[in-house]
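First the structure, in the form of structure tokens, and then the observations on it.
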Amino acid sequence: MKLYNILLLFCFALLLTSCITSPDGPPQYDSFVCCINADGTGFQKLISISQLPFEISKLWDLYTTKNGKLIFAADKYYISEPDTIAPVPFIDIRTNFGIGMTLSNDDKAYICSNGDLFKYDFQTHNLTNLTDDYHGYLMNPRISNDDSIITMIQKDSISYNPTTLCYYKLLDSTIHLLPEGGLYTQNGIYSPSDNRLYHEQNNGLYRINLNGENNEHLLSYSPLSSKSFNLTFYNDNLILINLSNLLSLYDINSGLATFTHQLDAQNEINVKCTKNANRIYYTVGNNIFYHNLDDQTSFKVPNTSGREFAMCPTWDGNKIYYIANLRINK
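Per my numbering, residue 4 is the first one in the sequence shown, and the count goes up by one each step.
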């Protein structure tokens, strides 16, 4: 009987050990650059973030170019083919945390860095300083959908709090400062439909003439994220805003806000409009959603619940790139 008890205890110990040291073990996770079709099909893990040539803590946004290449905004700007991820620096300037890049329809990037505005041509690979030694510190460039005006904010220095609305005219290469817009402008954009600038102050949405006259208060709210402010690319009458944590489209003609979706104030908010399709992609928590501006339908993109941060669609809106945290020992 004593031998039987010993054997029983030995077998129990073996069983317990096998459970603890199961091949699966406790869940293990890693972060990957991923892509997926807008309908939730075709999911791909492209590369582990540990294989990227920069620290993942330095990555703050993703972009796609007109010809489909993927841009990583980290300590520098890196570019890669979309299906075989091998990022290499393509601009010899440092990024600014915040909105640092805007892309035009003629395959150029406009970048704010070290206080100046630069133009990078993806065809010729030339980098040009458009505001060499400009007095002040330029940030948050936004190009209009007709590629005529880049709206920015200006500080006297990087640590100086008051921010002033300004814009750069590509036709005549001139920069214009609009102190009449107020001292705490967060971001802005030009509307070709009425030839005015729209900008956010700390108490809501305004519009102002290009000469600085008639700074009109349109809508009261507390702006929460500059990433959530942009004109849609198919209709100059609609501005995408974060209306006190409600993602909304504001009609500058009617004054009405349509398409509202509750955002998650506890998590990073990322909102992107497609260049060549009438879609808005946005994140809520760990999921990606999109809103179709043609038929006014919205839905969650399937199979994106592992999204960790960063997100961008291709210009045609058919594919989305993002960083996801995924289990690796299923």
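Glycine is no exception: its CB is placed at the ideal position from the N, C-alpha and C atoms.
Taking C-alpha positions only, Val-287 is separated from Asn-214 by approximately 38 angstroms.
Taking the Cα of Gln-204 as reference, the smallest distance to any Cα among Glu-183, Ser-196 and Asn-198 is reached at Glu-183. In this structure Gly-103 does not touch Pro-85 by the C-beta definition: roughly 21 angstroms separates them, more than the 8 angstroms allowed. For Asn-306, DSSP records no beta bridge to any residue.
Taking the Cα of Cys-276 as reference, the smallest distance to any Cα among Arg-310, Ser-147 and Thr-127 is reached at Ser-147.
For Gly-191, the three-state secondary structure derived from DSSP is strand.
Around the CB of Arg-282, 16 or more other CB atoms lie within 10 Å, so the residue is classed as buried. Here the C-alpha atom of Val-274 lies approximately 10 angstroms from the C-alpha atom of Ile-291. About 12 angstroms separates the beta carbons of Leu-73 and Leu-62, which is beyond the 8 angstroms limit, so they are not a contact pair. The beta carbon of Ala-280 is closer than 6 angstroms to those of Asp-319 and Gly-320 in its chain, skipping five residues each way along the sequence. When the Cα atoms are used, Ser-194 and Tyr-201 turn out to be separated by approximately 7 angstroms.
For Ser-251, the enclosing beta strand (DSSP E) starts and ends at 249 to 254.
The C-alpha of Ile-82 lies about 14 angstroms from the C-alpha of Gln-126. In the DSSP assignment, the residues bridged to His-264 are Leu-250.
For Phe-57, the CB contacts under 6 angstroms within the same chain, skipping 5 residues up- and downstream, are Ala-77 and Asp-78 in chain order.
Within the region 23 to 77, complete beta strand (DSSP E) segments of at least 3 residues are found at 32 to 40, 47 to 51, 64 to 67 and 73 to 76, given in chain order. Per DSSP, reduced to three states, the secondary structure at Gly-184 is helical. In the structure shown, Glu-311 adopts extended strand secondary structure according to DSSP, grouped into three states.
DSSP, reduced to helix, strand and coil, places Gly-258 outside both helices and strands of the structure shown, so it counts as coil. Here DSSP, grouped into helix, strand and coil, assigns Ile-331 to coil. Nearest to Asn-108 by alpha-carbon distance, out of Gln-265, Asn-256 and Ile-153, is Ile-153. In the DSSP assignment, Gly-139 falls outside any beta strand (DSSP E), carrying neither H nor E. The three-state reading of DSSP puts Gly-207 in strand, counting E and B together. For Asp-110, there is no enclosing beta strand (DSSP E), as DSSP marks it with neither H nor E. At a Cβ-Cβ threshold of 8 angstroms, Thr-261 and Asp-254 count as neighbours.
The beta carbons of Tyr-224 and Ser-257 sit no closer together than 8 angstroms. Distance from the CA of Phe-93 to the CA of Leu-259, rounded to the nearest whole angstrom, comes to 42 angstroms.
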